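Residues in the sequence shown are numbered consecutively from 1, following UniProt numbering. Notes follow once the structure below has been shown.
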Amino acid sequence: MVTSTDRVDEIRAQWRRERPDLDTAPMAVVARLHRLAGRLTAELVAGYRQFGLGEGEFDILATLRREGHGAGVSPIDLAERTMVTTGAVTKRLDRLEQAGWVRRTPHRDDGRGRLVVELTETGRALIDEAYTAHMANEKRLVAGLRREDRRALERLLRTWADALDASERGERTGRRAGRPVSDD
Numbered sequence: 001m002v003t004s005t006d007r008v009d010e011i012r013a014q015w016r017r018e019r020p021d022l023d024t025a026p027m028a029v030v031a032r033l034h035r036l037a038g039r040l041t042a043e044l045v046a047g048y049r050q051f052g053l054g055e056g057e058f059d060i061l062a063t064l065r066r067e068g069h070g071a072g073v074s075p076i077d078l079a080e081r082t083m084v085t086t087g088a089v090t091k092r093l094d095r096l097e098q099a100g101w102v103r104r105t106p107h108r109d110d111g112r113g114r115l116v117v118e119l120t121e122t123g124r125a126l127i128d129e130a131y132t133a134h135m136a137n138e139k140r141l142v143a144g145l146r147r148e149d150r151r152a153l154e155r156l157l158r159t160w161a162d163a164l165d166a167s168e169r170g171e172r173t174g175r176r177a178g179r180p181v182s183d184d
């Protein structure tokens, strides 16, 4: 049971005083999640920096590592898997290749000059060490939550993300998905 108040509670109280006609209930979730997301990102990025990596470089190396040893991934596929533009992937790959952590080579089975990206042995060793530290950092970040609370939060966040995804798909097709949020 939560008994303390935080800055979000104070802000909501101010809005209730100034604009009692507004429902600030969503702020209780969105503002806290927004604040938490910023703090988590800062903590994660600090961990990547210990290995000389930015968030984007870490993401590329981790994506390549998940593919398995010797598996090459096209820059277009990397863009899709890391949810950034192909231009952003190119810049990240330039930095990673210059550092000796990835290499771009012609696709073995495609004569059209398509490139694939692979980890070098140095890059593989780096991401193995960095990812081990990353998982320890994530464990530290959720350590204040009980296991059942983490599972409940995971379920709620997945449900929310699915609802937002469905709403976005509906907007693209001209339909409106989802229901209004109520405070019950």
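Yeah, the Cβ is synthetic: ideal placement off N, Cα and C, and Gly gets one too. Remember, predicted model here, so these are calculated numbers, not experimental data.
Subject >> Per-residue DSSP class, three states only, for Arg114 >> reply: Correct three-state label for Arg114: coil.
Original post:
Since Thr105 is in the beta strand (DSSP E), which residue starts that stretch and which ends it?
Top reply: Counting along the chain, the beta strand (DSSP E) containing Thr105 begins and ends at Val102 to Pro106.
**OP:** Count the CB pairs spanning the region 74-92 and the region 40-48 that are closer than 8 angstroms, and state whether there are at least three.
**Re:** Counting Cβ pairs under 8 angstroms, fewer than three are found: no touch.
Subject >> Buried versus exposed call for Trp160 [16 or more other C-beta atoms within 10 Å across all chains shown] >> reply: Exposed, by the Cβ-count rule.
Original post:
Val116: which of Gly123, Leu126, Arg104 and His34 sits nearest, CA to CA?
Top reply: Per the Cα distances, Arg104.
**OP:** Kindly indicate which residue of Glu18, Leu64 and Pro106 has the alpha-carbon position closest to the one of Ala125.
**Re:** Looking at the Cα atoms, Leu64 is the closest of the given residues.
Original post:
In terms of residue numbering, what span does the alpha helix (DSSP H) encompassing Pro75 cover?
Top reply: Counting along the chain, Pro75 sits inside the alpha helix (DSSP H) bounded by residues Pro75 to Thr82.
Subject >> Separation of Arg32 from Thr24, as counted between CA atoms >> reply: About 13 angstroms.
Subject >> Of the listed residues Gly100, Arg114 and Phe58, nearest to Pro106 (C-alpha basis) >> reply: Distances from the CA of Pro106 to each of Gly100, Arg114 and Phe58 were compared; the closest alpha carbon is that of Arg114.
**OP:** Have a look at Arg169 and Leu157 and give me their C-alpha separation to the nearest angstrom.
**Re:** Our two residues, Arg169 and Leu157, have alpha carbons roughly 18 angstroms apart in a direct line.
Original post:
Under the three-state reduction of DSSP, which class applies to Leu64: helix, strand or coil?
Top reply: Residue state, collapsed to three classes: helix.
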